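Engineer:
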Amino acid sequence: MIERNWQDFSKRLLEKLWLWYEKMRHLKGKTIVEVHPALTLFAERFGIGQIFGLESGHEQGITAKRLAELANLVKKGAVRHILIDEHVEGSTALNLAKQFDLEPIFVDLMGWEANDYLELVDSIVEKLASIAETIK
């Protein structure tokens, strides 16, 4: 039973991998902003651009230095969106989006609405692909 489940899962995974890479190919070399850097390893795995996390991920919060760096990225036109975890971040992220004129993209990074791992990755890829379509 375990072997059959693994074979089914790996077949589905291999079918999805090509699609995921294809949908995100326009993000190669692009900067993606998110409040907490949850997608750093995801970006590395799929060869997409840099993840610019406003928080360090170690409870430091958002620093003035990171806000200045974000302002510089916005000024250069390097970013137009901010990823917001729809189950964690709230008003601060939306205020930053408004302040820096960034389009908020809400993502279920926890996978609360996904039935399995592949659905979780599908949902993240779809959100990132929506960004890719605007920066081709």
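So for the sequence shown, our numbering puts the first residue at 6; every next one is plus one.
Just so you know, even glycine gets a beta-carbon here, dropped at the ideal spot from N, CA and C.
These numbers come from a predicted model, not from an experiment.
1. Does the beta-carbon distance from lysine 33 to glycine 54 come in below 8 Å?
2. In this structure, what does DSSP give as the bridge partners for glutamate 39?
3. Look up isoleucine 67 in the DSSP assignment and give the residues it is bridged to.
4. Sorted by chain position, which residues of the same chain lie with C-beta nearer than 6 Å to alanine 98's C-beta, five sequence neighbours on each side aside?
5. Which full runs of the alpha helix (DSSP H) of 4+ residues lie inside the stretch 77-126, going along the chain?
6. Hey, would you say the C-beta of aspartate 121 is under 7 Å away from at least one heavy atom of the ligand NAP?
7. In this structure, does DSSP put isoleucine 140 in helix, strand or coil?
8. In angstroms with no decimal places, state the Cα-to-Cα distance between tryptophan 117 and alanine 137.
9. So does the stretch 120-137 actually touch the stretch 64-82, counting three or more Cβ pairs closer than 8 Å?
10. Could you compute how far the alpha carbon of glutamine 65 sits from the alpha carbon of alanine 83?
11. What residue from Ile129, Ile140 and Ser135 has the CA that sits closest to leucine 22's CA?
Structural biologist: On the basis of the coordinates in this document:
1. Numbered from 1 along the sequence shown, position 28 holds the residue referred to as residue 33. Numbered from 1 along the sequence shown, position 49 holds the residue referred to as residue 54. For lysine 33 and glycine 54, yes; Cβs fall inside 8 Å.
2. Position 34 of the sequence shown, counting from 1, holds the residue named residue 39. Answer is Gly58 and Leu88.
3. Residue numbering aside, residue 67 sits at position 62 when the sequence shown is read from its first letter. Under DSSP, isoleucine 67 forms a beta bridge with Glu60.
4. Taking the sequence shown and counting its residues from 1, the one referred to as residue 98 is at position 93. The answer, listed in chain order, is Val40 and Ile89.
5. DSSP runs (the alpha helix (DSSP H)) wholly in the stretch 77-126: 96-104.
6. By its list of ligands, the structure shown contains no ligand whatsoever, and the ligand NAP lies outside what it can speak to.
7. Within the sequence shown, the letter at position 135 stands for residue 140. Collapsing the DSSP output to three states places isoleucine 140 in coil.
8. By 1-based counting over the sequence shown, the position of residue 117 is 112. By 1-based counting over the sequence shown, the position of residue 137 is 132. Cα to Cα, the separation comes out at about 24 Å.
9. By the C-beta criterion, the stretch 120-137 is judged not to be in contact with the stretch 64-82, since fewer than 3 inter-stretch pairs fall below 8 Å.
10. To locate residue 65, count along the sequence shown from 1; it is residue 60. To locate residue 83, count along the sequence shown from 1; it is residue 78. Distance between glutamine 65 and alanine 83, taken at the CA atoms: about 25 Å.
11. As a first step, residue 22 is located in the sequence shown; it is residue number 17 there, counting from the start. Here the closest residue by C-alpha is Ile129.
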